[in-house]
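Numbering (the working numbering), first residue to last: 5 to 482.
Cβ atoms here follow ideal geometry from the backbone N, Cα and C, with glycine treated the same way.
In this text the structure is predicted, and so the values were computed from the model without any measurement.
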Amino acid sequence: MDQQQGIPAEQINSLVNKHFDDALPKFIEILKIPSQSRLFDPEYLTNGLLQKTAEEFRDYVLAANLKNAKVELLQDEGYSPFLFVEVDGSDGQTDGTVLFYGHMDKQPPFNGWKEGLSAYEPKIVDDKLYARGGADDHYSILGAVIAVRTIQELGLKHPRIVMTFEADEESGSLHIDHYLAKLKEKIGAVDLVVCLDSGCGNYEQLWITTTLRGMVGACVTVKVLDEGVHSGDASGVVPSSFRIQRLLLDRIDNPNTGEVIEDFQVNIPGERYLQAQKAAEVLGKTILTKFPFHGTTQPTTQDYFKAYLNRIWKAQLSVVGAEGLPLAKTAGNVLRPETTLKYSLRLPPTKDPKEAEAAFVKILTTNVPYNATVKITGLGSGSGFNAPQNQPYLDQLIQSASQKFYKKDAQTLGEGGSIPLMNTLKEQYPKAQFIVTGVLGPNSNAHGPNEFLHIPFTKSLISCITYIVTGLQIHLKK
């Protein structure tokens with residue numbers, strides 16, 4: 005027994021491992037379902053794939069036989085499915101509520117999977133489960149359920165638990181507000197949010213995410229002609245829509261350095277700057293080497309700390325899609341009438357997304373070169389996240405858990421990605437503390453090919469969450 009907390013860490017670890025291994029066959033079958041999030045599947049409401057995924061997870065939760073649990077699968081008309089689980093506190097405890105969050109929708113499969121691997125044919129290689137959605141973020145449902153089940157089967161105590169699993173996160177979580185409003189009375193006041201949709205700096209210790217970037221995204225179309233014309237006849241007279249796009253891109257970031265203009269930047273809070281220095285020291289060269297650079301390609305900087313700040317606190321622009329460009333091998337000598345690019349602008353954690361959205365539109369539509377037509381469609385933005393300060397007892401539990409199950413101190417991490425819902429929950433539950441963590445570590449490649457779930461790390465993470473949740477309940481009693 006752990007003398008400080010009275011928590012049997014070895015028994016937790018053993019039972020978590022057993023329940024995870026027992027759940028793997030079911031989990032693998034769920035990962036085979038070729039479901040995609042709303043934005044990538046126009047038939048998501050009618051083809052039944054997201055619904056089937058949700059039903060399979062509901063059945064998994066029911067089969068776990070959690071004590072005093074109510075399980076609801078909601079799918080209101082026009083909305084993606086939503087899985088809600090409510091578990092009464094041990095011995096009728098009503099003080100304190102822990103809200104688990106995860107999602108069960110997926111990105112498209114993408115191409116470039118290694119030989120023998122694919123998005124919808126899960127395979128375990130070297131303790132890594134390769135499949136789309138396993139790490140981002142289907143495992144979160146197993147994690148929450150196994151944590152509560154382990155606590156109950158060991159005769160330990162836990163506060164009241166609510167689990168919220170959406171199926172719209174990869175599309176911006178636009179549907180979750182509807183369900184949270186509908187379930188507001190059932191959820192009640194929240195004392196701790198446990199989000200299992202983030203990342204880790206390595207697979208050696210517990211990582212707690214303190215910041216997430218926000219974003220602005222849109223499709224930007226530049227149109228110069230009503231129809232395509234002979235490039236030999238028109239070039240030099242008609243401006244290229246692609247060149248105008250280049251000029252517009254240069255308004256947002258420096259073409260030589262990639263540095264985004266000050267309109268989208270913020271001052272980094274002192275505490276976060278110091279945390280970033282410490283994290284960069286721990287991560288070292290993995291900040292650069294975690295990505296699959298091709299050939300002799302070099303990162304934007306060799307300075308680990310600068311690269312880390314670029315990734316978590318600096319606005320950055322990516323072009324993630326294009327239209328109006330024929331395949332190179334079949335393209336004729338035509339000066340095309342228009343070019344559409346999809347812009348993805350990551351924002352610092354504390355940047356107001358609506359302010360950034362307005363600046364984005366103004367910059368791209370004012371004084372357009374050659375007075376060409378610029379049309380912006382699909383404009384949307386999401387808030388970043390800057391975690392509130394935890395109470396000392398929670399930080400102590402986090403450190404103790406990392407030592408028990410990883411034999412190393414826990415570390416804070418800033419993430420470059422976005423989970424807009426976290427800021428929504430922060431505003432909705434202003435007294436709540438947050439544990440934002442996850443399994444997306446080096447080379448796990450969420451959204452791209454060869455996504456994997458690191459199984460040993462995941463088991464230890466679930467053990468940590470189990471340890472923290474059962475240790476938390478004595479502090480939540482009022």
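C-alpha gap between residue i and residue j, whole angstroms
i: L28; j: S41; result: 23 Å
i: A73; j: A123; result: 33 Å
i: L349; j: G382; result: 13 Å
i: K132; j: V443; result: 11 Å
i: E189; j: Q97; result: 18 Å
i: Y347; j: S94; result: 49 Å
i: A280; j: V241; result: 51 Å
i: Q432; j: V102; result: 14 Å
i: E60; j: L87; result: 11 Å
i: P126; j: T57; result: 15 Å
i: E76; j: V65; result: 10 Å
i: L229; j: R340; result: 8 Å
i: A185; j: I145; result: 21 Å
i: Y312; j: N206; result: 14 Å
i: D25; j: P12; result: 20 Å
i: Y397; j: L480; result: 11 Å
i: V270; j: K310; result: 15 Å
i: P453; j: F114; result: 6 Å
i: V264; j: R217; result: 14 Å
i: Y143; j: A222; result: 30 Å
i: N427; j: N337; result: 49 Å
i: K30; j: S175; result: 26 Å
i: A363; j: K430; result: 25 Å
i: I150; j: T462; result: 12 Å
Assigned exposure category for residue i - 16 Cβ within 10 Å defines buried
i: T334; result: exposed
i: P163; result: buried
i: P357; result: buried
i: G236; result: exposed
i: N314; result: buried
i: V324; result: exposed
i: F297; result: exposed
i: G421; result: buried
i: Q484; result: As shown, the chain starts at 5 and ends at 482. That puts residue 484 outside it, with no answer to give.
i: P243; result: buried
i: G52; result: exposed
i: A68; result: buried
i: T213; result: buried
i: T300; result: exposed
i: A139; result: buried
i: A135; result: buried
i: A450; result: buried
i: Q111; result: buried
i: H234; result: exposed
i: K118; result: exposed
Cβ shell of residue i (< 7 Å), same chain only, five flanking positions each side left out
i: S177; result: E170, P424 and L425
i: K412; result: E208, Q209 and S406
i: Y83; result: H179 and H182
i: D172; result: S41, R42, S84, D109, L178, H179 and I180
i: E14; result: none
i: K294; result: P446 and N447
i: V152; result: L70, V91, H162 and I165
i: Y410; result: E208, Q209, L210 and S464
i: Q155; result: Note that residue 155 is Ile in the sequence shown here, rather than Gln. Same-chain partners within the cutoff: H162, T470, V473 and T474.
Own chain residues within Cβ distance below 8 Å of residue i, not counting five before or after
i: K282; result: Q415 and T416
i: T215; result: R276, I316, W317, P353, G388, F389, N390, A391, G418 and E419
i: D45; result: S39, N51, L53 and L54
i: Q477; result: G93, S94, Q97, G100, K161, H162 and P163
i: G262; result: T304, Q320 and L321
i: M5; result: Here M5 scores only 41 on pLDDT, less than 50, and its place in the model should not be relied on; the value that follows carries that caveat. These residues qualify, in order along the chain: I11 and P12.
Own chain, CB closer than 6 Å to residue i, minus 5 neighbours either side, in chain order
i: M167; result: V89, F104 and A148
i: S385; result: V220, P357 and E361
i: I272; result: W317
i: S467; result: I16, N17, V20 and F409
i: T343; result: V226, S245, F246, Q249 and G328
i: C204; result: W211 and G445
i: Q79; result: P85
i: E33; result: none
Contact with chain B by residue i, beta-carbon distance below 7 Å
i: W117; result: Protein chains in the displayed structure number just one, and chain B is not present.
Which runs of the alpha helix (DSSP H), 4 residues or longer, sit entirely within the region 340–398? 357–369
Say whether the region 236–254 touches the region 448–463, bearing in mind that this needs 3 or more beta-carbon pairs closer than 8 Å, one atom from each stretch. The region 236–254, when compared against the region 448–463, does not touch it at the 8 Å Cβ threshold.
Jot down the residue ranges of each uninterrupted alpha helix (DSSP H) in the region 11–77, minimum 4 residues, whole runs only, in chain order. Segments of the alpha helix (DSSP H) lying fully in the region 11–77: 13–35 and 53–67.
Sequence ranges, alpha helix (DSSP H) only - wholly within the region 173–211, length at least 4: 180–186 and 188–191
Counting Cβ pairs closer than 8 Å, one from the region 277–292 and one from the region 301–308, do we hit at least three? yes
In chain order, which alpha helix (DSSP H) runs of at least 4 residues are fully inside the region 242–273? DSSP runs (the alpha helix (DSSP H)) wholly in the region 242–273: 245–256.
Return the chain-ordered ranges of every beta strand (DSSP E) run that is complete within the region 101–158 and spans a minimum of 3 residues. 101–107, 127–129 and 132–134
Would the region 360–377 and the region 186–200 be scored as touching if the rule is three or more Cβ pairs under 8 Å? no
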